[in-house]
Every structure is written in C-alpha cells, then in structure tokens.
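In this note's numbering, each residue's number is its place in the sequence shown (first place is 1) plus 2.
Here's the structure, in structure tokens; my notes come after.
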Amino acid sequence: MTKPIILAPAGGFAAVTAAVRCGADAVYLGAKNFNARRNAENFDDLALPETVKFCHERGTKVFVTVNTLVTDGEMDALIEEADAIAETGADAVILQDPAVMRLFRDRYPTLPRHASTQTAVHDLDGALYLQDLGCETIVLARELTLSEMEKIASRLTTAGAEAFVHGAHCMSVSGACYLSAMLGGRSGNRGLCAQP
3 MTKPIILAPA GGFAAVTAAV RCGADAVYLG AKNFNARRNA ENFDDLALPE
53 TVKFCHERGT KVFVTVNTLV TDGEMDALIE EADAIAETGA DAVILQDPAV
103 MRLFRDRYPT LPRHASTQTA VHDLDGALYL QDLGCETIVL ARELTLSEME
153 KIASRLTTAG AEAFVHGAHC MSVSGACYLS AMLGGRSGNR GLCAQP
C-alpha cells in the first residue's frame with residue numbers, strides 16, 4: 003500500500019501558510035478563473051508564482067486546480083491562464099473537463115495532470131479513459147465504496163488512484179450537480195456551488 007499524503011485545500015495565502023506549517027505534503031489551490039472555488043481568495047498571476055516558490059522552499063508541492071467545465075467562448079482566457087500556471091513551476095494540475103485535459107497534455111506535456119473528483123469517475127472504464135488521456139492520478143468519485151475504489155485502482159497500470167476523504171458532504175454527485183444552479187442560480191460545475 004502506498005503511504006497516504008496530506009493534500010490540503012488552500013483558498014488563499016493564509017491557508018497555504020497554515021497547511022505548510024502543519025506539515026501538508028502538498029496543497030491544491032486555484033488560479034483566478036477556472037476552479038471549483040471561485041468565491042475563494044484564490045491566486046492571480048502575481049500571487050501564484052510567489053506561492054509556488056514559498057511552498058517549494060519548504061518542501062511542499064503545489065497542485066493548481068482547473069476543475070470546472072469550460073465553454074468554447076472561454077478557451078482564449080483558459081489558454082492564457084494555463085500558460086501562466088505552467089510557467090509557475092507547479093507540480094501538477096487538477097483537471098475536470100476532458101478538452102482541458104487534452105489541451106494541457108498537448109501544450110504542456112511534462113506538467114503532470116490529475117483528474118479531479120469533479121470528473122465523477124464511478125467505474126473502471128471511466129478511470130481507464132482518463133488514464134489514456136494521460137492523467138497520472140485519478141481522484142475517484144466520493145460516492146464510491148472502499149471496495150469499489152480498490153477494484154478500480156487495482157486495474158490501473160500507469161495512473162494512480164486517490165480518494166477524496168474530506169470536504170463538503172453533498173447529496174449530489176460530484177461534477178454532475180445542477181441543484182445549486184436551480185435553487186440559487188450558482189452552478190457548482192462552474193465553481194460557484196451554494197452548498198444547498
């Protein structure tokens with residue numbers, strides 16, 4: 003069994019410093035736009051490289067989230083943000099949208115790609131699809147049992163599997179929820195979940 007790591011969420015620099023101080027192996031955080039926590043402080047083009055440097059100087063890895071759905075009309079802005087992320091020296095990106103996965107694979111082939119829990123992978127075929135897209139880590143759906151996760155993980159050959167073991171306990175399916183959008187006009191799939 004692989005030794006677990008502590009991968010801590012960081013919505014702003016105060017959370018980064020707390021995670022690093024408390025011994026997190028890695029932090030995951032969002033740039034300004036295409037992440038599932040758009041109401042957090044997040045990290046702009048100036049703060050992101052400084053934060054990566056801060057973490058690396060202390061032995062902590064940084065995974066940048068690009069884990070929302072992206073429309074065709076947003077692709078230019080996405081590419082601009084993706085270029086900025088790639089230039090920071092981040093250790094990996096955590097992605098949801100398959101088109102975004104392909105973009106990162108083609109444009110930044112050496113930057114490791116992780117499939118977010120937002121991909122809602124509930125079965126082996128979904129995990130193998132993401133592995134074929136070049137994801138080196140697949141964060142399985144939170145709704146799976148430990149037995150189901152073990153079965154999927156045992157069949158992956160080039161990707162590892164992760165379990166998301168904390169966070170919102172939502173009654174909806176990660177990455178496929180429309181409840182927040184219908185009740186509050188805020189889409190969880192676009193980083194604005196109201197946690198209804």
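Ideal placement from N, C-alpha and C gives every residue a C-beta, glycine not left out.
None of the values given here were measured: they were computed from a predicted structure.
Is the distance from the Cβ of R117 to the Cβ of V102 below 8 angstroms? Start at 1 with the first residue of the sequence shown, and residue 117 comes out as number 115. Start at 1 with the first residue of the sequence shown, and residue 102 comes out as number 100. The sequence given here has Ala at residue 117, not Arg. Between A117 and V102, the C-beta spacing is not below 8 angstroms.
Where F36 sits in the DSSP three-state scheme: Position 34 of the sequence shown, counted from the first residue, corresponds to residue 36. When DSSP states are grouped into helix, strand and coil, F36 belongs to the coil group.
Every unbroken beta strand (DSSP E) within the segment 59-100, with a cutoff of 3 residues, ordered by chain: 63-68 and 94-97, all fully within the segment 59-100.
Between the alpha carbons of P100 and T90, how many angstroms are there, rounded? Residue 100 sits at position 98 when you count from the first residue of the sequence shown. Residue 90 sits at position 88 when you count from the first residue of the sequence shown. If I take the Cα positions, the gap works out to 23 angstroms.
E52 (DSSP reduced to helix, strand or coil): Position 50 of the sequence shown, counting from 1, holds the residue named residue 52. If DSSP states are grouped into helix, strand and coil, E52 belongs with the helices.
Report the rounded CA-to-CA distance for M151 versus R157, giving the unit in angstroms. Stepping through the sequence shown from its first residue, residue 151 is reached at position 149. Stepping through the sequence shown from its first residue, residue 157 is reached at position 155. M151 and R157 have their alpha carbons spaced roughly 10 angstroms apart.
Are the CB atoms of L31 and V22 within a distance shorter than 8 angstroms? Mapped onto the sequence shown, residue 22 falls at position 20. Mapped onto the sequence shown, residue 31 falls at position 29. No. Outside cutoff.
Around the Cβ of C137, are there at least 16 other Cβ atoms within 10 angstroms (buried) or fewer (exposed)? For the purposes of this step, residue 137 is identified with residue 135 of the sequence shown, where counting begins at 1. Buried, because 16 or more other Cβ atoms sit within 10 Å of the Cβ of C137.
Pull up the CB-CB distance for V29 and V72, whole angstroms please, since I reckon it's below 8 angstroms. Position 27 of the sequence shown, counted from the start, is the residue given in the question as residue 29. Position 70 of the sequence shown, counted from the start, is the residue given in the question as residue 72. Taking C-beta atoms under 8 angstroms as the contact rule, V29 and V72 fail to qualify, at a distance of about 23 angstroms.
Residue interval of the alpha helix (DSSP H) (run including L132): Residue numbering aside, residue 132 sits at position 130 when the sequence shown is read from its first letter. For L132, the enclosing alpha helix (DSSP H) stretches over residues L126 to D134.
For A161, I'd like the list of residues in its chain whose CB is within less than 6 angstroms of its CB, leaving aside the five on either flank, ordered along the chain. In the sequence shown, the residue the question calls residue 161 occupies position 159. Leaving aside the five residues that flank A161 on each side, the residues in its chain whose CB is nearer than 6 angstroms to its CB run, in chain order, Q133, C137, E138 and I140.
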